[in-house]
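Residue numbers (this note's numbering): 8 to 428.
For each residue, glycine too, the CB sits at the ideal point set by N, CA and C.
Read through the structure below, which is laid out as C-alpha cells, and then see the notes.
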C-alpha cells in the first residue's frame with residue numbers, strides 16, 4: 008500500500024508543477040509576442056508621426072474617417088516607447104495604401120462640400136434676411152401690389168374690348184335695319200322686327216321714375232302726419248315747398264325723356280295700366296287735377312273760387328289747343344307715310360320729312376309739361392298754406408289709388424269657362 012500512495016503523491020505533485028510551468032510559460036510567450044508587435048508598429052507606423060490628426064468636416068461621421076484610414080482603426084495610432092523614453096529617430100512615412108471604393112466616394116463628396124462651402128457662406132446672410140418676418144411681409148405686399156396692378160390692366164383691356172364690341176354691334180344693327188327697311192320698300196325683304204327692349208335712355212327714365220314715386224310717397228306721408236297734428240303753417244310750408252320741388256324734378260325728367268325718345272314717353276309704358284287710361288301728352292291732365300282738388304279743399308272763399316274758376320277755364324282752353332295741334336301733327340305724319348308713288352330713290356328723303364314732323368311732337372309734350380307746372384304754381388298762390396298741403400295730399404292719393412287699381416286688376420281671380428290650352 009505504501010508504494011501506491013507515494014506514487015499518487017508524486018503524480019499530483021508533478022501535475023501541479025506542470026500547471027505552474029505552463030501558466031508562466033504562456034504569460035512569457037504572450038508578453039514577448041506583444042513586445043515584438045509593439046516594436047514592429049513603432050518601426051513601421053501607419054502614418055507619419057509629425058502629421059496631425061485630420062479634423063472631420065461638418066456632416067462627416069467618425070465612421071467615415073475611420074474608413075479612410077489604412078489600418079481600419081478609428082482611433083489614431085499610439086506610440087509605445089521602450090523604457091518610458093521617446094525614440095529620437097523620425098520614422099519614415101508609411102507606404103501608400105489603396106483606398107476602397109466607398110472611401111474614395113466619401114473623400115470626393117467631402118472635397119465637393121468644401122468647394123461649395125464658400126458659396127453657402129455667401130448666401131447665409133440672404134437666408135437670414137428671408138427668415139425675418141418683416142422682410143417676408145414686405146415681399147408679400149410687393150407681390151400683392153404687382154398682382155393688383157396686373158389685374159387692373161387686364162380689367163381695363165377687357166372693358167375696352169367690350170366697348171369696342173358694343174360700338175361695332177350697334178353699327179351692324181343700324182346697317183341691318185337700314186337694309187331691311189329698304190328691302191321692305193322694294194318688296195324684296197322680310198317685315199322688319201323692331202326690338203322689344205327699350206332704349207338705354209328709357210331704362211334710366213323708368214328707374215328714376217320709380218325712385219321718384221318712392222320718395223314722393225315718403226314726403227306725402229310726412230305731410231299728412233303734419234296736417235293731422237295741426238302744426239303751425241310755417242312747418243307745413245316746408246313740406247309744401249318740398250312737394251312742389253319734387254313735381255318740378257319729375258317734369259324735368261320727362262322733358263329730357265321727350266328729347267331722347269318721345270314715343271316712350273307718349274306710350275306711357277313707364278306708368279301703371281290705369282294711369283295710361285288718363286294719360287295726356289305724357290302726364291296728367293291739369294284740368295283733372297283742379298277737379299280733384301275742389302273735392303278735398305274746403306271751405307274756399309269767394310275770391311279763391313273765382314280764381315280757381317278762371318284758372319280752370321284758361322287751362323281747358325290751352326288743353327284744347329294742344330289737342331288740336333297734336334291731332335294735326337298725327338294726321339300729317341299719317342298722310343306722309345301713306346303717300347302713293349314714292350320712288351325708291353327718294354324713299355329716305357320722304358322718311359326724313361316724316362321724322363321732322365315726329366320731332367315737332369316733342370314741342371307739344373314740353374308745352375303740356377309747362378302747363379302742368381303753371382297750374383300747380385297758380386293753385387299754390389290761390390290757396391292758403393294748409394289748403395295747399397291738402398291739395399298736394401289729394402293729388403298724391405289720386406295717383407296712388409290709380410296704381411293700386413292696376414295692381415288689384417292684375418291680381419284679380421280669373422274664371423275661364425273654356426279649357427286652358
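Rounded straight-line distance, which links the Cα of residue j to that of residue i
i: residue 384; j: residue 320; result: 16 Å
i: residue 281; j: residue 354; result: 39 Å
i: residue 364; j: residue 340; result: 6 Å
i: residue 408; j: residue 417; result: 14 Å
i: residue 412; j: residue 279; result: 9 Å
i: residue 283; j: residue 277; result: 9 Å
i: residue 335; j: residue 165; result: 51 Å
i: residue 219; j: residue 180; result: 33 Å
i: residue 174; j: residue 251; result: 41 Å
i: residue 420; j: residue 393; result: 42 Å
i: residue 303; j: residue 368; result: 34 Å
i: residue 318; j: residue 311; result: 10 Å
i: residue 286; j: residue 390; result: 26 Å
i: residue 359; j: residue 235; result: 57 Å
i: residue 337; j: residue 376; result: 19 Å
i: residue 361; j: residue 342; result: 9 Å
i: residue 305; j: residue 387; result: 15 Å
i: residue 371; j: residue 333; result: 7 Å
i: residue 313; j: residue 399; result: 20 Å
i: residue 239; j: residue 323; result: 35 Å
i: residue 161; j: residue 267; result: 34 Å
i: residue 401; j: residue 230; result: 11 Å
i: residue 373; j: residue 380; result: 11 Å
i: residue 297; j: residue 366; result: 30 Å
i: residue 225; j: residue 248; result: 14 Å
i: residue 326; j: residue 356; result: 33 Å
i: residue 155; j: residue 142; result: 20 Å
i: residue 257; j: residue 149; result: 51 Å
DSSP state of residue i mapped onto helix, strand, coil
i: residue 199; result: Reliability of the predicted coordinates at residue 199 is poor, the pLDDT of 44 falling under 50, and the value obtained from them is presented with this limitation in mind. Three-state result, residue 199: coil.
i: residue 262; result: helix
i: residue 391; result: coil
i: residue 276; result: coil
i: residue 439; result: Given a span of 8 to 428 for the chain in the structure shown, any question on residue 439 remains unanswerable.
i: residue 294; result: helix
i: residue 239; result: coil
i: residue 179; result: helix
i: residue 404; result: helix
i: residue 285; result: coil
i: residue 267; result: helix
i: residue 206; result: coil
i: residue 419; result: coil
i: residue 139; result: coil
Assigned exposure category for residue i - 16 Cβ within 10 Å defines buried
i: residue 271; result: buried
i: residue 144; result: exposed
i: residue 209; result: buried
i: residue 397; result: buried
i: residue 300; result: buried
i: residue 228; result: exposed
i: residue 261; result: buried
i: residue 346; result: exposed
i: residue 395; result: buried
i: residue 43; result: Note that residue 43 has pLDDT 49, beneath the 50 cutoff, so the model's placement of it is unreliable and the number below is only indicative. By the neighbour-count rule (16 or more Cβ atoms within 10 Å), residue 43 is not buried but exposed.
i: residue 169; result: exposed
i: residue 207; result: exposed
i: residue 159; result: exposed
i: residue 223; result: buried
i: residue 171; result: exposed
i: residue 152; result: exposed
i: residue 414; result: exposed
i: residue 237; result: exposed
i: residue 214; result: exposed
i: residue 308; result: exposed
Distance cut-off 7 Å: residue i Cβ against heavy atoms of the ligand SAM
i: residue 156; result: Summarising the ligand content, the structure contains no ligands, and the ligand SAM is consequently not present.
Start-end ranges of the alpha helix (DSSP H) lying completely within the stretch 301 to 360, minimum 4 residues: 309 to 344
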